[in-house]
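**Q**
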Amino acid sequence: MVMGNADPTKGYKGITTFLVDRDTEGLSLGKKEDKLGIRASSTCPVHFDNVKVPASNVLGQVGMGYRYAIEILNEGRIGIASQMLGLAEGCFNNTVPYTKERKQFGRRIWDFQAMQHQIAHVATQIEACRLLVYNAARRKEAGEPFVKEAAMAKLYASEVASLTTTKCIEWMGGVGFTKDYPIEKYYRDCKIGTIYEGTSNIQLNTIAKCIEAES
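In this note's numbering, the protein residues as written are 7 to 221.
1. Run through DSSP, which three-state label would residue 33 get?
2. Going by the CB atoms, is the gap between residue 66 and residue 74 shorter than 8 angstroms?
3. Once the 5 residues before and after residue 160 are set aside, which same chain residues still bring their CB inside 7 angstroms of it?
4. What distance in whole Å lies between the Cβ atoms of residue 178 and residue 130, which are believed to be in contact at a cut-off of 8 angstroms?
5. Would you report the Cα separation of residue 14 and residue 51, rounded to the nearest angstrom?
6. Using the Cα positions of residue 205 and residue 127, report the straight-line distance between them to the nearest angstrom.
7. On a Cα-Cα basis, can you pick out the residue from 195, 115, 153 that is closest to residue 176?
8. Please go through the same chain and pick out, in chain order, the residues whose beta-carbon is closer than 6 angstroms to the beta-carbon of residue 229, but skip the five residues on each side of it.
9. Leaving out five residues before and five after residue 182 in sequence, what residues of the same chain have Cβ atoms less than 6 angstroms from its Cβ?
10. Alpha carbon to alpha carbon, how far is residue 9 from residue 54? Give it in angstroms, no decimals.
11. Using the beta-carbon count (16 or more within 10 Å), is residue 94 buried or exposed?
12. May I ask you to report which of helix, strand or coil DSSP gives residue 111?
13. In three-state DSSP terms, what is residue 8?
14. Applying the criterion that 16 or more other CB atoms from any shown protein chain within 10 Å of the CB defines a buried residue, is residue 61 buried or exposed?
15. Considering only residues of the same chain and omitting the five flanking positions on each side of residue 7, which have a CB-CB separation below 8 angstroms?
16. In the DSSP assignment, find the unbroken alpha helix (DSSP H) run with residue 105 in it and report its ends.
17. Kindly indicate which three-state DSSP category residue 184 falls into: helix, strand or coil?
18. Answer yes or no: the CB of residue 206 versus the heavy atoms of the ligand GTP, is any distance below 7 angstroms?
19. Under the assumption that residue 6 contacts residue 153 (Cβ atoms under 8 angstroms), give the Cβ distance between them as a whole number of angstroms.
20. Closest to residue 138 by CA distance: which of 146, 162, 122 is it?
21. What does residue 21 pair with, by DSSP beta-bridge criteria?
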């Protein structure tokens, strides 16, 4: 699926969605990107050299591509929020047991109140994130307006994932910075959460627009 401008004179209103077969003449893939995280998912540039497709390959209506893209993004944000929630929880669950094993000054680091408070704070944020994600999904499933809630869930979940993975590496100490434990992978994978399906600033813009429309 490709989105291109069928009528550049109309700006974004000319954007149209097309179905382009992989073996279409002039279509080629570039070198696979060597990414920081989410490395199991291949990302490659797509090159178009005088590619032509028949009118029958138009998906939906001509000029409606931008609207379709926004609708896809709105729904996709719930998926990204779910991904970041799972990532944060997985990282947290892989780290907390270690705090009960690692010792400093003759005591488990878990036994220090400051550590317990940090862990409790992160656990609370993860649970708050879960409620935002579930609420956005519930509203979407029920056919209710969900754009604001999806943006909130995606914004908060990506921030919580970033905070959680950072804290977990610190709690693990030096080994958290090694590949002997999966924490560094969580740390790398979460960064994309603040970027795709709209950056955090885009989510803030979306939330603000929804609040303005509701007022």
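The C-beta atom is built at its ideal place from N, Cα and C for all residues, glycine as well.
**A** This is what the structure gives:
1. As a position in the sequence shown, residue 33 is number 27, starting the count at 1. Residue 33 falls in the strand class under three-state DSSP.
2. In the sequence shown, residue 74 corresponds to position 68, counting from 1. In the sequence shown, residue 66 corresponds to position 60, counting from 1. Yes, they are a contact pair.
3. Translated into the one-based positions of the sequence shown, residue 160 becomes position 154. Result list for residue 160: 83, 86, 87, 203, 209, in chain order.
4. Taking the sequence shown and counting its residues from 1, one reaches residue 130 at position 124. Taking the sequence shown and counting its residues from 1, one reaches residue 178 at position 172. Taking a contact as a CB-CB distance under 8 angstroms, the pair residue 130 and residue 178 does not count as one, their CB atoms being some 20 angstroms apart.
5. Position 8 of the sequence shown, counted from the first residue, corresponds to residue 14. Position 45 of the sequence shown, counted from the first residue, corresponds to residue 51. Rounded to whole angstroms, the gap between the alpha carbons of residue 14 and residue 51 is 22 angstroms.
6. In the sequence shown, residue 205 corresponds to position 199, counting from 1. In the sequence shown, residue 127 corresponds to position 121, counting from 1. Whole-angstrom Cα-Cα distance: 25 angstroms.
7. Position 170 of the sequence shown, counted from the first residue, corresponds to residue 176. Residue 115 is the option with its Cα nearest to residue 176.
8. The chain is shown from 7 up to 221; residue 229 falls before or after that span and cannot be answered.
9. The count along the sequence shown starts at 1 and reaches residue 182 at position 176. These residues qualify, in order along the chain: 175, 189.
10. Sequence index remark: in the sequence shown, residue 54 carries index 48 (1-based). Sequence index remark: in the sequence shown, residue 9 carries index 3 (1-based). Roughly 12 angstroms between the two C-alpha positions.
11. In the sequence shown, counting from the first residue as 1, residue 94 sits at position 88. The residue is buried, with at least 16 neighbouring Cβ atoms inside 10 Å.
12. Position 105 of the sequence shown, counted from the start, is the residue given in the question as residue 111. Coil, per DSSP.
13. Your numbering for residue 8 matches position 2 in the sequence shown. Assigned with DSSP and collapsed to three states, residue 8 falls in strand.
14. Translated into positions along the sequence shown, residue 61 becomes position 55. With fewer than 16 Cβ atoms within 10 Å of its Cβ, residue 61 is classed as exposed.
15. Taking the first residue of the sequence shown as position 1, residue 7 is located at position 1. Answer for residue 7: 23, 24, 25, 26, 65, listed in chain order.
16. Sequence index remark: in the sequence shown, residue 105 carries index 99 (1-based). Secondary structure note for residue 105: its alpha helix (DSSP H) is the uninterrupted segment 71–105.
17. In the sequence shown, counting from the first residue as 1, residue 184 sits at position 178. The answer is coil: DSSP assigns residue 184 none of H, G, I, E or B.
18. This structure does not include the ligand GTP; it has no bound ligands of any sort.
19. Since the first residue shown for the chain is 7 and the last is 221, residue 6 is missing from the structure and cannot be characterised.
20. As a position in the sequence shown, residue 138 is number 132, starting the count at 1. Answer by Cα proximity: 162.
21. The residue you call residue 21 lines up with position 15 of the sequence shown. In DSSP, residue 21 forms a bridge with 11.
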